[in-house]
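Read the structure below first, then the notes.
Numbering (my numbering), first residue to last: 239 to 324.
As structure tokens, then:
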């Protein structure tokens, strides 16, 4: 996978900050790392666990790939698009 655009969840950014992991390191892992596991049923997109190395440091990265640009269906979300409709 050669990611052109990376989007990070808040949890991932916190962990990256705590562990001093940079975006370039994540990008290298995704481009050259080894896929250890696939999670085809993850939502909203299938994801995978990737092992890569930054210097001598091992990194596990879980990444979901969105092949198509995602646009939320307004019929499924509240008007502010922040919560699913009940």
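We treat Cβ as the ideally placed atom computed from N, Cα and C, and that holds for glycine. Because the structure is a prediction, the values reported are computed rather than measured.
At the C-beta level, residue 287 and residue 300 come within 8 Å of one another. Taken in chain order, the complete alpha helix (DSSP H) segments of 4 residues or longer contained in the segment 254–299 are 261–270. Shown here, residue 320 sits in coil according to DSSP, grouped into three states, outside any helix or strand. In the same chain as residue 285, and ignoring 5 residues on each side of it, the C-beta atoms closer than 7 Å to its own belong to 277, 300, 301 and 302, in chain order. Going by C-alpha positions, residue 304 is about 22 Å away from residue 318. 298 is the residue among 298, 314 and 320 whose C-alpha sits nearest the C-alpha of residue 272. Taking the Cα positions, residue 266 is about 20 Å away from residue 249. Residue 302 is bridged by DSSP to 285.
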